[in-house]
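Just below is one structure, and these are the notes that go with it.
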Amino acid sequence: MKKAADHTKPKRYGMVIDLDKCTGCGACMVACFAENNIPFKKDESEKLLSITWMRVYKLSNKKKYPDTDICYLPRPCMHCEGHEGHSPCVSVCPATVTDYSTETGIVSQIYTRCFGCRYCMAACPYHARYFNWWDPVWPKGMEKMLSPDVSVRMRGVVEKCSFCYHRYQRAKDKAYVEGRTDVEEEEYQTACTQACPARAITFGDLNNPKHKVYELKQDPHAFRLLERLGTNPKVYYVSSREWVRKSGDNYLKHEEPGHIATKH
Amino acid sequence: MKIDRRSFLSLGLGVAAGSVLSPLPWKLTDDLSIWTQTWPWTPVPKDGAVHYVHSVSTLCSGGCGIQVRKVDDRAIKIEGMEGYPGSDGKACNQCLAGIQKLYGPDHIQTPLKRVGNRGEGRFAPISWDEAMSMVAEQLKKLRTEGKSQTLGCVVEREYGTIPQLFKRFAKVYGSPNFMTMPSYLDGYEQIFKIMQGEEAIPGFDLENADYILSFGSGLVEGWGSAPRMFQANSLWKEKGVPVVQFEPRLSNTAAKATQWVPINPGAEAILALGLAHVIIKENLFHYDFVNRYSARFEAWEDGQGTEQKGFKDRVLDRYDPRYVSRVTGVPSSQIEKIAREFAKAESPIALCGRGAGHTPGAIFEFHAVHALNGLVGNINRKGGVWALPKPDYIAWPEPALDEVAKKGGDTPRVDGAGTETYPAASSLTHRLPAMINDAEESPIQVLLVHGANPCYCLPDTETVRAAFEKIPCIVSFASHMDETALMADLILPDHGHLEKYQDVPAPEGLSVPVIGLARPVVAPLYDTRHVGDTVIQLAKAMGGGMADSFPWKNYEECLRKTLGQHWKTMEEKGWFSPDFSGPDWNEAFETPTRNFVFIPERYGKDTEEAGVSPIEVEGDPITFPMVMIPFDHVRIAAGPVGNAPFVMKTIEDTLLRDKDIFVQVHPKTAGKAGLEEGVLAVLSTPKGSAKVRVHVYDGIQPGLVAVPRGLGRGSGDEFMADKGVNVNRLIGPVEDPVSGLNAAWGIRANLTIA
Numbered sequence: 007m008k009k010a011a012d013h014t015k016p017k018r019y020g021m022v023i024d025l026d027k028c029t030g031c032g033a034c035m036v037a038c039f040a041e042n043n044i045p046f047k048k049d050e051s052e053k054l055l056s057i058t059w060m061r062v063y064k065l066s067n068k069k070k071y072p073d074t075d076i077c078y079l080p081r082p083c084m085h086c087e088g089h090e091g092h093s094p095c096v097s098v099c100p101a102t103v104t105d106y107s108t109e110t111g112i113v114s115q116i117y118t119r120c121f122g123c124r125y126c127m128a129a130c131p132y133h134a135r136y137f138n139w140w141d142p143v144w145p146k147g148m149e150k151m152l153s154p155d156v157s158v159r160m161r162g163v164v165e166k167c168s169f170c171y172h173r174y175q176r177a178k179d180k181a182y183v184e185g186r187t188d189v190e191e192e193e194y195q196t197a198c199t200q201a202c203p204a205r206a207i208t209f210g211d212l213n214n215p216k217h218k219v220y221e222l223k224q225d226p227h228a229f230r231l232l233e234r235l236g237t238n239p240k241v242y243y244v245s246s247r248e249w250v251r252k253s254g255d256n257y258l259k260h261e262e263p264g265h266i267a268t269k270h
Numbered sequence: 012m013k014i015d016r017r018s019f020l021s022l023g024l025g026v027a028a029g030s031v032l033s034p035l036p037w038k039l040t041d042d043l044s045i046w047t048q049t050w051p052w053t054p055v056p057k058d059g060a061v062h063y064v065h066s067v068s069t070l071c072s073g074g075c076g077i078q079v080r081k082v083d084d085r086a087i088k089i090e091g092m093e094g095y096p097g098s099d100g101k102a103c104n105q106c107l108a109g110i111q112k113l114y115g116p117d118h119i120q121t122p123l124k125r126v127g128n129r130g131e132g133r134f135a136p137i138s139w140d141e142a143m144s145m146v147a148e149q150l151k152k153l154r155t156e157g158k159s160q161t162l163g164c165v166v167e168r169e170y171g172t173i174p175q176l177f178k179r180f181a182k183v184y185g186s187p188n189f190m191t192m193p194s195y196l197d198g199y200e201q202i203f204k205i206m207q208g209e210e211a212i213p214g215f216d217l218e219n220a221d222y223i224l225s226f227g228s229g230l231v232e233g234w235g236s237a238p239r240m241f242q243a244n245s246l247w248k249e250k251g252v253p254v255v256q257f258e259p260r261l262s263n264t265a266a267k268a269t270q271w272v273p274i275n276p277g278a279e280a281i282l283a284l285g286l287a288h289v290i291i292k293e294n295l296f297h298y299d300f301v302n303r304y305s306a307r308f309e310a311w312e313d314g315q316g317t318e319q320k321g322f323k324d325r326v327l328d329r330y331d332p333r334y335v336s337r338v339t340g341v342p343s344s345q346i347e348k349i350a351r352e353f354a355k356a357e358s359p360i361a362l363c364g365r366g367a368g369h370t371p372g373a374i375f376e377f378h379a380v381h382a383l384n385g386l387v388g389n390i391n392r393k394g395g396v397w398a399l400p401k402p403d404y405i406a407w408p409e410p411a412l413d414e415v416a417k418k419g420g421d422t423p424r425v426d427g428a429g430t431e432t433y434p435a436a437s438s439l440t441h442r443l444p445a446m447i448n449d450a451e452e453s454p455i456q457v458l459l460v461h462g463a464n465p466c467y468c469l470p471d472t473e474t475v476r477a478a479f480e481k482i483p484c485i486v487s488f489a490s491h492m493d494e495t496a497l498m499a500d501l502i503l504p505d506h507g508h509l510e511k512y513q514d515v516p517a518p519e520g521l522s523v524p525v526i527g528l529a530r531p532v533v534a535p536l537y538d539t540r541h542v543g544d545t546v547i548q549l550a551k552a553m554g555g556g557m558a559d560s561f562p563w564k565n566y567e568e569c570l571r572k573t574l575g576q577h578w579k580t581m582e583e584k585g586w587f588s589p590d591f592s593g594p595d596w597n598e599a600f601e602t603p604t605r606n607f608v609f610i611p612e613r614y615g616k617d618t619e620e621a622g623v624s625p626i627e628v629e630g631d632p633i634t635f636p637m638v639m640i641p642f643d644h645v646r647i648a649a650g651p652v653g654n655a656p657f658v659m660k661t662i663e664d665t666l667l668r669d670k671d672i673f674v675q676v677h678p679k680t681a682g683k684a685g686l687e688e689g690v691l692a693v694l695s696t697p698k699g700s701a702k703v704r705v706h707v708y709d710g711i712q713p714g715l716v717a718v719p720r721g722l723g724r725g726s727g728d729e730f731m732a733d734k735g736v737n738v739n740r741l742i743g744p745v746e747d748p749v750s751g752l753n754a755a756w757g758i759r760a761n762l763t764i765a
């Protein structure tokens with residue numbers, strides 16, 4: 007693991023997603039596809055084969071008409087901190103493709119190191135990782151829309167959400183040029199956060215009391231997915247509806263969501 | 012040298028040990044993995060200077076203000092433009108994926124002439140000169156034959172310089188048949204005319220409203236300007252504003268609402284009147300507004316001197332909550348509770364226009380809902396419904412009309428709008444196909460289509476197709492291949508949405524007037540021409556008075572002159588917002604009595620006899636025991652332009668799998684028909700049948716079959732074409748007897764196992 011740079015405090019970038027506001031429109035997914043050069047195929051309805059770094063799931067309370075209720079849940083990579091950076095995927099990667107950065111709290115993925123063993127996919131409890139079964143193909147002319155900030159992946163490698171790490175690099179460069187050591191909250195925002203028309207996604211440094219996420223994650227209605235696994239994810243969800251909070255993990259009757267694992 | 016067993020084995024062992032210890036196999040594996048990852052066909056995007064261009068997206072009717080990130084001359088990504096009225100830094104998923112429409116394979120690249128049979132999709136490229144002279148020739152011939160009124164123009168919306176150029180063209184040519192595509196805005200337009208005496212477009216001050224009643228409007232499913240509605244919805248959550256959604260199906264809007272009230276489909280108007288009943292009976296209405304600024308609330312005398320019942324008595328007599336409860340399926344206690352809460356709120360607002368508002372609906376519904384807003388006095392007030400003036404910045408001099416133009420212009424419109432039967436309607440395009448099919452010779456001889464896609468969007472697509480078969484000449488100005496362009500004889504392709512200047516007025520539903528400016532982000536990629544230029548050049552080719560009515564050199568000059576002093580602001584800021592302060596109630600209404608009319612003139616007689624009954628849907632209940640309702644889903648574009656590949660990718664696998672569309676039915680309905688989750692079934696209606704898959708969904712009223720709108724595109728790229736079923740193929744229009752608008756909210760149907 008990398009050592010935190012001396013001149014800046016270690017950061018733990020994370021998200022708080024307000025599920026009461028999320029309308030399931032999918033703008034976050036589209037913004038993510040466009041930002042990260044995510045390929046598209048003729049048929050994307052087989053979701054196991056569809057690469058979506060950000061995927062919006064639909065939850066249901068499974069009650070009968072007219073007591074039925076649904077809720078949407080956007081799922082990026084959780085950038086699990088695990089215990090001292092031992093996130094599930096990082097622990098199993100034999101090629102050091104994926105690593106937990108103590109400087110930013112971001113779980114990286116270096117495509118050219120990956121030889122496609124897919125251990126990380128098996129280890130990830132959130133299905134946040136995707137395998138390139140085919141080489142990506144852009145219809146003639148459409149490769150013009152590819153962004154130079156993110157390398158295009160190839161057949162045989164695993165990919166996942168990077169919290170738009172290239173945007174962090176860009177922001178850091180800018181700060182460096184301007185003689186600053188730190189990146190401001192609004193200077194580094196992920197593409198999905200920027201795009202969310204409901205303003206349901208908030209992104210920032212969970213360690214920094216000045217960042218909005220710091221306050222929001224302490225909401226009594228905040229919870230994380232599959233907390234009892236001890237993955238210590240850095241994406242928090244907020245919902246006023248109890249059944250939604252309970253969908254985040256398997257709970258016993260007396261258990262309250264959001265209070266199973268210690269919050270860091 | 013003799014090789015014995017011992018030396019053979021030691022050699023073997025040596026090779027084995029050497030391979031393990033030598034770096035060679037590891038190096039080879041490494042090389043292999045690098046080699047397999049650097050195929051020459053894996054693109055390496057070129058780096059360059061990054062900059063942003065501001066524009067307004069014209070892909071959907073929401074009018075999202077956008078900024079496009081460019082690397083050198085390549086457009087990379089669309090993001091929202093900060094500060095743009097309504098969308099403010101955000102954009103809908105369709106607009107966000109807009110780059111794919113620019114570089115995508117279905118961008119029309121050159122003028123095309125049909126060579127195969129109509130609709131077959133076989134076209135040959137021709138030159139612009141040839142294409143233009145062919146159209147001009149056709150138009151000249153028709154005009155000399157004295158049939159100028161048989162020219163038809165279909166555009167999506169009426170406002171902006173481009174539709175207005177078409178309107179002007181039709182006018183000076185001598186045809187009244189300038190048509191726009193149906194939407195819920197047509198209902199509001201008529202309601203403002205008959206209840207407020209105004210030519211206006213609706214603005215909803217949703218950010219300041221504190222109680223929202225939605226009669227089936229898909230507030231977060233494409234109704235109005237999508238990004239603005241999402242933000243309003245979040246604001247309501249923050250402020251704790253109650254949102255009540257009346258709908259037979261648990262839509263996304265219903266799930267987001269504070270309260271979802273399931274209702275029998277088609278009974279929305281009755282429910283609104285039931286709420287009005289409680290408000291009037293319990294004296295909860297806005298006294299000042301009702302007493303001083305409204306008419307016909309109490310009994311009134313008609314033209315013949317006969318006393319007519321006022322709105323109050325009609326509602327009190329007929330719409331008792333118990334009766335309303337029987338018709339709508341909403342418990343009377345709930346009706347009373349909601350009515351009280353609504354009336355007691357500071358700025359309550361009632362909204363209608365089903366789903367994303369692709370079909371207008373019955374005028375009774377608009378009337379009942381708008382009357383609710385009237386009762387609580389929330390008209391032209393903070394947090395209420397505003398009658399905004401139609402965009403009036405286009406002040407071109409009245410064109411001089413020659414004899415042909417005058418004669419042709421005076422003939423009645425083919426769709427019947429503005430005639431004695433439907434005086435308040437300005438366009439009834441859904442009536443056009445039947446008019447053409449019923450006539451011996453098509454009353455439309457040349458049809459110009461721009462920005463609209465009637466062959467996909469109008470109900471009963473088979474009839475529309477048949478009608479289009481009968482039109483001798485169809486000219487499409489599409490920039491992307493669509494169902495209507497496929498039926499055309501000539502395609503004069505317009506620039507794509509990121510390749511041209513265009514004014515984009517009035518984001519739907521915004522409570523302040525705004526004019527946005529779309530501007531070229533990249534230079535046109537292909538041999539296309541700005542549709543504005545094409546129209547101006549066509550007029551010039553017609554010569555005489557027609558040429559004189561289009562004095563501009565080209566479209567850009569026309570746009571600059573039209574916007575005049577505002578051009579500079581718009582170039583710099585991206586939009587311009589004309590001064591607007593709504594008039595006070597004593598000056599707001601332009602009806603003969605200068606007030607808000609609860610019972611409009613024509614309307615009064617019709618309802619007195621018939622009362623308001625739910626609009627019946629087509630089909631007999633024995634052959635078709637279920638009822639099909641179309642629904643809008645925010646990840647499926649149901650307008651003229653279909654989904655971009657990225658948006659296709661976001662569609663859930665409970666809506667579309669491979670090429671099969673899913674229809675939603677209640678477990679009971681499915682059980683009765685012997686259907687299970689995911690099975691193939693045949694959905695049939697009086698209009699046709701289609702193969703579908705079944706999605707068993709608890710959030711829908713038993714007996715209904717809900718079908719997503721926007722799939723089943725017959726053209727476009729491989730990512731969206733031929734996937735699912737176009738619901739418009741299975742449903743026909745139901746004419747509202749008063750307004751002429753399409754009031755269909757569903758159709759009888761049957762669902763059987765395939």
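Respectively, the protein sequence lines represent chains L and X.
Counting from 1 along the first sequence, just add 6 to a position and that's the residue number in my numbering.
Counting from 1 along the second sequence, just add 11 to a position and that's the residue number in my numbering.
Built from N, CA and C at the ideal position, the CB exists for glycine as well.
Keep in mind the model is a prediction, meaning the values are calculated, not measured.
Start and end of the beta strand (DSSP E) containing residue i?
i: X/Trp397; result: 396 to 400
i: L/His92; result: That residue, L/His92, is in no beta strand (DSSP E); it is neither H nor E in DSSP.
i: X/Ile87; result: 85 to 91
i: X/Tyr404; result: Note, X/Tyr404: premise wrong, no beta strand (DSSP E); not H, not E.
i: X/Asn761; result: 758 to 764
i: X/Lys81; result: 76 to 82
At which residues does the alpha helix (DSSP H) containing residue i begin and terminate?
i: X/Val272; result: From DSSP, X/Val272 is part of no alpha helix (DSSP H) but of the beta strand (DSSP E) over 270 to 272.
i: L/Asp211; result: Note, L/Asp211: premise wrong, no alpha helix (DSSP H); beta strand (DSSP E) at 207 to 211.
i: X/Lys292; result: 279 to 292
i: X/Val146; result: 139 to 155
i: X/Cys106; result: 104 to 107
Please work out which residues of its chain come closer than 6 Å, Cβ to Cβ, to residue i, disregarding the five sequence neighbours upstream and downstream, and give them in chain order.
i: L/Lys15; result: none
i: X/Asn104; result: Val658
i: X/Gly653; result: Arg724, Gly727, Met731
Taking only three categories from DSSP, how would you classify residue i?
i: X/Pro174; result: helix
i: X/Asn753; result: strand
i: L/Tyr242; result: strand
i: X/Lys418; result: helix
i: L/Lys216; result: coil
i: X/Val703; result: strand
Say yes only if the C-beta of residue i is nearer than 6 Å to one or more non-hydrogen atoms of the ligand NAP, and no if none qualify.
i: L/Cys28; result: This structure lacks the ligand NAP; in fact it carries no ligand of any kind.
Quick one: what's got a C-beta closer than 8 Å to residue i's C-beta in the same chain, skipping five residues either side?
i: X/Asp617; result: Annotation note: pLDDT 47 at X/Asp617 (below 50); position unreliable, coordinate value reported separately. Around X/Asp617: Pro748, Val749.
To test your reading of the DSSP string, which unbroken alpha helix (DSSP H) runs of 4 or more residues are found completely within the region 23 to 74 of chain L?
Runs of the alpha helix (DSSP H) inside the region 23 to 74 of chain L: 33 to 41.
Do three or more CB pairs link the region 742 to 761 of chain X to the region 459 to 470 of chain X at distances below 8 Å?
Touching, yes, given that three or more Cβ pairs across the two stretches are closer than 8 Å.
Is it true that the region 225 to 235 of chain L meets the region 124 to 132 of chain X, where meeting means three or more beta-carbon pairs spaced less than 8 Å apart?
Contact fails: fewer than three Cβ-Cβ distances are below 8 Å.
Check whether the region 240 to 252 of chain X and the region 41 to 56 of chain L are in contact - that is, three or more C-beta pairs closer than 8 Å.
No, the region 240 to 252 of chain X does not touch the region 41 to 56 of chain L.
Do the region 99 to 119 of chain X and the region 148 to 159 of chain L meet, that is, are 3 or more Cβ pairs less than 8 Å apart?
Three or more Cβ pairs drawn from the region 99 to 119 of chain X and the region 148 to 159 of chain L lie within less than 8 Å of each other, which places the two stretches in contact.
Starting from the N-terminal side, write out each stretch of the alpha helix (DSSP H) that is 4 residues or longer and does not extend beyond the region 666 to 691 of chain X.
Those alpha helix (DSSP H) runs which fall completely within the region 666 to 691 of chain X and span 4+ residues are 678 to 683.
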